[in-house]
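Each remark here refers to the structure printed beneath this line.
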Amino acid sequence: MSRLAIVGAGAIGSFLGARLHEAGHEVLLIARGTRLEALGGAGVLLSEGGTERQVRVPVSAACDPAVPPDHVILATKTFQLESALALLEPLRENRFTLLTVQNGVEAPGIAQAALPRAVVLGARMHGFFELDGGIVRHTGVPATLLAGPVADRPTDPAAEQAAASLAADLEGAGVPTTLVDDVRPALWDKFLMAATIGGVAPAFGLKVGQMLGHPQASAMLRVAMEEVAGIAAVLGIALPPGCIAEKLDFIGRFPPDVTSSLQRDLEAARPSEYAQLTGAIPRFGQRAGLPTPATDAIIAMLHARGLMLS
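Take a look at the structure:
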């Protein structure tokens, strides 16, 4: 059995921690503040399949360098990545597998720069997870995970073995995990949707499930997606053929009251992943030498609505 540390005890981190703990692994959840207190008292309260259960996962405010983990999962929001990596600084000289499950496309590179000895895997996780009043709710879509290295970095047999070990642990915990040689296309494929719907819906004051019924919002969403796809192509990222049509079809099946996490954070004036999602599109466009007029217009509309873009 493996020893795992999970930094970030929100919905996804708590879900993975509970599942891996139930599978018999030695798991430590790293949390702060009131969440640390709640987990220390009641453990993870996990609601799945219409039933609720209590999983008492060990929890702490920091890793113990005297007991280094085999694997670390970074499960914070993207804007919390720097502080999460600071918690892992005592493990800097250790070699372990580090899985990033953040939105956006930059987390694996940031993590690798901070922890050069770690075997860093980026991941795209599917499933609906929500932390609601202290209860982690996993509903609807079964949890699955696709992970792999960033292909422009060399790998070695030991790194491949470490990745396979973590994937096997997740599989054994009921989270089907697929390993790929290059995770960048999967991250950019998710970014293409998250970064655009997270900006367009609040720019128009709509819910995500209402966008395709609004002619102007629908048109702007499509063009913004085309901007992201064009940037990805110039940067050498091979997105799946027909990915924009596939995303629009998927969005078209959303219930009308669906919102994105970025939209909810923006409209509640909470810290958000704006800078790593919608706000990152023009930055990537500059890197690729491409204009992003649709995204620029979306950002101007967000500013006009007085939303906190940070």
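Add 1091 to a position in the sequence shown, counting from 1, and you land on the number used in our numbering.
C-beta atoms are modelled at their ideal positions from N, C-alpha and C, and glycine is treated no differently.
Rounded to the nearest whole angstrom, the C-alpha separation of Phe1341 and Ile1121 is 34 Å. Exposure of Thr1142 is indicated by the presence of fewer than 16 other C-beta atoms within 10 angstroms of its C-beta. Judged by beta-carbon spacing, Val1291 lies within the 8 Å limit of Ala1308, meaning their Cβ atoms are closer than that value.
For Ala1177, the closest alpha carbon among the candidates Ala1152, Val1196, Ala1310, Gln1354 is that of Ala1152. Taking all protein chains shown into account, Ser1363 has 16 or more neighbouring C-beta atoms within 10 Å of its C-beta and is therefore buried.
The distance from the Cβ of Pro1240 to that of Val1274 is about 7 Å, consistent with a contact at the 8 Å cut-off.
Cβ-Cβ distances below 6 Å link Gly1131 to Val1150 in the same chain, with the five nearest sequence neighbours on each side left out; the list follows chain order. Under DSSP, Gly1239 forms a beta bridge with Gly1213. Boundaries of the alpha helix (DSSP H) around Ser1174: 1172-1178.
Taking C-alpha positions only, His1394 is separated from Asp1223 by approximately 29 Å. Per DSSP, the beta bridge partners of Arg1144 are Leu1137. A contact is defined here as three or more CB-CB pairs under 8 Å, and the segment 1381-1399 meets this definition with respect to the segment 1282-1300. Inside the segment 1235-1299, DSSP marks whole alpha helix (DSSP H) runs of 4 or more residues at positions 1248-1263, 1275-1295, from first to last along the chain.
Taking a contact as a CB-CB distance under 8 Å, the pair Leu1189 and Ala1175 does not count as one, their CB atoms being some 11 Å apart.
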